[in-house]
Amino acid sequence: MAEKVKFSVSLNAELGEALRQHAEAEDEQISAVVSRALESYLGHRKRMREGREAMVEYQEQYGMFTEEERAKARARVADLMGWSEKGPKEARPA
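Going by this note's numbering, the first residue of the sequence shown is number 304, and it counts up by one from there.
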């Protein structure tokens, strides 16, 4: 088992209550829910950072992306994410 470290964090009341309710509904400890969420978040942020670094490296080697390439990329992402033509912010549920 991995060594554990204890942290103290502050959450807004609504988020704290949602966390408690989720942990209870899943019959899990809050620390397990937070650990899993943090692992997911950090993994996502790492992939985003690596993707940005790869784009910078590519552009340093081959030149800046053209507006046409950027438009194609935006359309591809929108298609993959199921976003409307309005874009991600307008298409996301409230």
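In this text, a Cβ means the ideal position worked out from N, Cα and C, and glycines have one as well.
Discussion item. Which residue marks the beginning of the alpha helix (DSSP H) containing L322, and which one marks its end?
Written reply: The residue given as residue 322 occupies position 19 in the sequence shown. Counting along the chain, the alpha helix (DSSP H) containing L322 begins and ends at A316 to A328.
Worksheet item: From what residue to what residue does the alpha helix (DSSP H) around K435 run?
Response: In the structure displayed, the chain extends from 304 to 397; residue 435 sits before or after that span and is not available.
Item to complete: To the nearest angstrom, report how far apart R350 and S343 are at their CA atoms.
Response: Your numbering for residue 350 matches position 47 in the sequence shown. Your numbering for residue 343 matches position 40 in the sequence shown. Distance between the alpha carbons of R350 and S343: 11 Å.
Worksheet item: Can you tell me where the alpha helix (DSSP H) with K349 in it begins and where it stops?
Response: Numbered from its first residue, the sequence shown carries residue 349 at position 46. Its alpha helix (DSSP H) spans residues I333 to Y365.
Worksheet entry | Status (buried if at least 16 other CB within 10 Å, exposed otherwise) for A397 | Start at 1 with the first residue of the sequence shown, and residue 397 comes out as number 94. No answer about A397 holds up, because its pLDDT of 47 lies below 50 and its placement is not dependable.
Discussion item. Could you check whether A328 and V336 sit closer than 7 Å to each other, using their CB atoms as the reference points?
Written reply: As a position in the sequence shown, residue 336 is number 33, starting the count at 1. As a position in the sequence shown, residue 328 is number 25, starting the count at 1. No, the Cβ-Cβ distance between V336 and A328 is not below 7 Å.
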